[in-house]
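**Q** Attaching a single structure in structure tokens format; questions to follow.
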Amino acid sequence: MRLVLGDQLSRGLSALAGLEPGRDVVVMFEVGEETGYVPHHPQKIALVLSAMRHFASELAAEGIAVDYVRLDDPANRHSLGAELARALARHRPARLVMTEPGEWRVWEAMRRWGADFGLETEIRPDDRFFCSREDFAALRRAGRTGRMEYFYREMRKRTGYLMAQGAPVGGQWNLDRENRKALPKGLAPPPRRRFEPDALTREVLDLVGARFAGNFGALEPFGWAVDRAGARAALAHFLADCLPGFGDYQDAMKSGEDFLFHALLSPYLNLGLLTPAEVCDAAEAEYHAGRAPLNAVEGFIRQILGWREFVRGIYWTEMPGYAETNALGATRPLPGFFWTGRSGMACLDAVIGATARHGYAHHIQRLMVTGNFALLAGIAPAEIARWYLAVYVDAFEWVELPNVQGMITHADGGRLGSKPYAASGAYINRMSDYCRGCRHDVGARLGPGACPFNALYWNFLITHEARFRANPRMAPIYRGLGRFSAEERAAITAQAEGFLAGL
Ligand code: FAD
Ligand code: SF4
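Numbering of the sequence shown is given in my numbering, commencing with residue 583 and proceeding in unit increments.
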């Protein structure tokens, strides 16, 4: 018996290696435990279920026996363990073959199943990544995972991406400094390819509409690809239409433009419909063919080969304690406007609105708008982590949690990033047009109309001065704070506290 989980939809999955169609059965379960452990965005549930059903029907078309339990099957007992028990009774297999899951919770359960069910089980490594869990742990022991940048260079050397004679193509490892342009006036991002729901997806949309109508976010229009062919088409569209502009405008944000030049490929990578290697190979080929500039291709490959692999390594080496980290002692509950998009702050409402419409916001929106707010306002990491896990179609714990604990809230005390990504309204104003349509004044720090990000930013620095003052990367910021008088500092604190009390 071969178990395939909802984010393991790859024909090359290790659990499917050596499968013999006449002998083996593949089992797949849609269970309430997985659709309900956080209030997932309806498009996320629809995407995962539809992609699972498409994958199962592709296996069946190959002549492979697939035992598939649907969410609305009256006999469904709605947990992976309970459904496995039923499937074992149906098939009485000699052996259960699985691939390690993407989440600690499932990993713990999976390791017990052999003993629980008195069955020979085999858990194979998930080899859809560039760096295995063991490799990352070894790199860590060798002191080479302290920062993403050093891990990334190691991975460039190992894979050979954008390397020539042992050195990075173009002479530099990282071209991030070229990738911080605001979107110039008059430059229209390309229209994005959408995928019309087929009959199978329609059926899933009806099911999700009936069962999860109360969850945050719009179910339709639903335009995600749900199978490998669609995901390949989405990749081709990105390479042809968006990759050339990806680098320059990677950090830009614009009202009414929810996607800009971003890839929109994370859901397909995370579900297994695309492999990171095929995506990086394809991007590198665009550079060598002269169709995309180096800053775009290096920036894109770094996100996947560097960040995506790095956060996975952090997750597996730091769990289970990682989910409980809270180095800055943040305890504030998540404000209700994260679920309504009515904060009265144009930037937050734009990002939360895009999130509700698509189950998607791009990286800088997640990091520097909602994430920055959560950091500065001292939202409890567990509360904001639950939100990110729920609202994005690409959200799976192994990738979401390190981005929250490490990248936005600094809850891990600097394990992932050497300094917190804290910014005032000036950053948002520089990288977006949000402030022009906002009732707050981005230029003001104090007073009733002042941009809340400004007082929150300085208040954050004041509150955590003892921790961050000695951090060399924050020295210039603290020099700036040092110029404030005691009265100015007190006024900032009062302004920030007044705002936070009103949340
Ligand atoms: P692009 O901007 O076009 O980037 C290309 C690819 O690089 C992405 O598809 C993704 O696979 C990878 N990537 C880029 N940045 C990261 C990163 N920081 N960590 C891991 N992979 C990265 N990504 C998820 O896949 N799932 C999540 O649950 C998730 N949660 C996040 C939570 C927070 C607080 C933050 C700040 C970031 C999170 N990210 C997450 C990372 C990133 O924002 C998304 O991968 C990206 O926005 C997906 O859109 P895209 O495919 O258009 O990406
Ligand atoms: Fe956001 Fe402040 Fe700009 Fe308003 S003024 S959009 S709150 S950064």
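Just so it is clear, CB atoms sit at the ideal spot from N, CA and C, and this is done for glycine as well. Predicted, not measured: the structure shown is a model, and the values here were computed from it.
Check each candidate in His636, Val608, Ala834 and Phe1081 and name the one with the smallest Cα separation from Val951.
**A** Selected option, being the one with the closest Cα: Ala834.
**Q** Mind the definition here: the region 967 to 975 touches the region 934 to 953 only if three or more C-beta pairs lie below 8 Å; say whether that holds.
**A** Touching, yes, given that three or more Cβ pairs across the two stretches are closer than 8 Å.
**Q** Whole angstroms is fine: what's the gap from Arg1173's alpha carbon to Asn1041's?
**A** Because the chain in this structure spans residues 583 to 1085, residue 1173 falls outside the shown range and cannot be described.
**Q** Counting only runs that start and end within the region 896 to 953, where is the alpha helix (DSSP H) found for 4 or more residues in a row?
**A** You should have 919 to 922 and 928 to 940.
**Q** Quick one: is Glu665 buried, meaning 16 or more other Cβ sit within 10 Å of its Cβ, or exposed?
**A** So Glu665 ends up on the buried side.
**Q** Which same chain residues, not among the five before or five after Phe882, have their C-beta less than 6 Å away from its C-beta?
**A** Excluding sequence neighbours, Phe882 sits near Phe828 and Ala865.
**Q** How many angstroms separate the CA atom of Ala657 from the CA atom of Thr741?
**A** Distance between the alpha carbons of Ala657 and Thr741 is about 47 Å.
**Q** Out of curiosity, what's the CA-to-CA distance linking Pro773 and Leu701?
**A** Going from the Cα of Pro773 to the Cα of Leu701 covers about 52 Å.
**Q** Between Cys1020 and Gly926, what straight-line distance do the alpha-carbon atoms span, to the nearest angstrom?
**A** If you take the alpha carbons of Cys1020 and Gly926, they lie about 8 Å apart.
**Q** Quick one: give me the first and last residue of the alpha helix (DSSP H) that Phe527 is part of.
**A** What is shown of the chain runs 583 to 1085, which leaves residue 527 out entirely.
**Q** Could you tell me the alpha carbon to alpha carbon distance between His1046 and Leu662, rounded to whole angstroms?
**A** Between His1046 and Leu662, the C-alpha separation is close to 43 Å.
**Q** Apply the 10 Å Cβ neighbour rule to Leu678 and answer buried if 16 or more other Cβ atoms are within range, or exposed otherwise.
**A** Burial call: buried.
**Q** Assuming Tyr850 and Ala795 are in contact, meaning their beta carbons sit under 8 Å apart, how far apart are those beta carbons, in whole angstroms?
**A** Rounded, the Cβ-Cβ distance is 26 Å, inconsistent with contact.
**Q** Could you tell me which residues DSSP puts in a beta bridge with Met680?
**A** Met680 pairs with Ile705.
**Q** Give the straight-line distance between the Cα atoms of Tyr897 and Asp823, rounded to the nearest whole angstrom.
**A** Rounded to the nearest angstrom, the two C-alpha atoms are 33 Å apart.
**Q** Where does Pro1030 sit, in a helix, a strand or coil, going by DSSP?
**A** Coil.
**Q** Say the cut is 7 Å; is the CB of Ser925 nearer than that to a heavy atom of the ligand FAD?
**A** Checking the Cβ of Ser925 against the ligand FAD gives no.
**Q** Could you check the C-alpha separation between Arg652 and Phe611 for me, to the nearest Å?
**A** Looking at the two C-alpha atoms, the distance is approximately 7 Å.
**Q** Just to check my reading of the structure: Gly999 and Met989 have Cβ atoms closer than 8 Å, yes? What is that Cβ distance to the nearest angstrom?
**A** 6 Å between Cβ atoms; contact.
**Q** I need the DSSP call for Tyr650, collapsed to helix, strand or coil.
**A** DSSP places Tyr650 in strand when its eight states are reduced to three.
**Q** Which residues bound the alpha helix (DSSP H) around Phe611?
**A** From DSSP, Phe611 is part of no alpha helix (DSSP H) but of the beta strand (DSSP E) over Val607 to Phe611.
**Q** By a C-beta neighbour count over all protein chains shown, 10 Å radius and 16 as the cutoff for buried, is Thr922 buried or exposed?
**A** Its Cβ having fewer than 16 others within 10 Å, Thr922 is exposed.
**Q** Along the chain, where does the alpha helix (DSSP H) that runs through Glu860 open and close?
**A** Glu860 -> alpha helix (DSSP H) spans Pro858 to His870.
**Q** Can you look up Lys739 in the DSSP assignment and give me helix, strand or coil?
**A** In the structure shown, Lys739 sits in a helix (DSSP, three-state: H, G or I).
**Q** So if DSSP puts Ile961 in a beta bridge, which residue, or which two residues, is it bridged to?
**A** Ile961 is bridged to Arg914.
**Q** For Ala830, which residues from the same chain have a beta carbon less than 6 Å from its beta carbon, with the 5 sequence-adjacent residues on both sides left out?
**A** The sequence as given places Asp at residue 830; Ala does not occur at that position. Closer than 6 Å at the Cβ level, and outside the excluded window around Asp830, lie Lys763.
**Q** Candidates Pro771, Arg894 and Ala816: which alpha carbon is nearest Arg710's?
**A** Among Pro771, Arg894 and Ala816, the Cα nearest to that of Arg710 is on Arg894.
**Q** Let me know the secondary structure DSSP gives Lys836 once reduced to three states.
**A** Here Lys836 sits in strand by DSSP.
**Q** Exposed or buried, which one is Gly725 when buried takes at least 16 other CB atoms within 10 Å?
**A** It counts as exposed.
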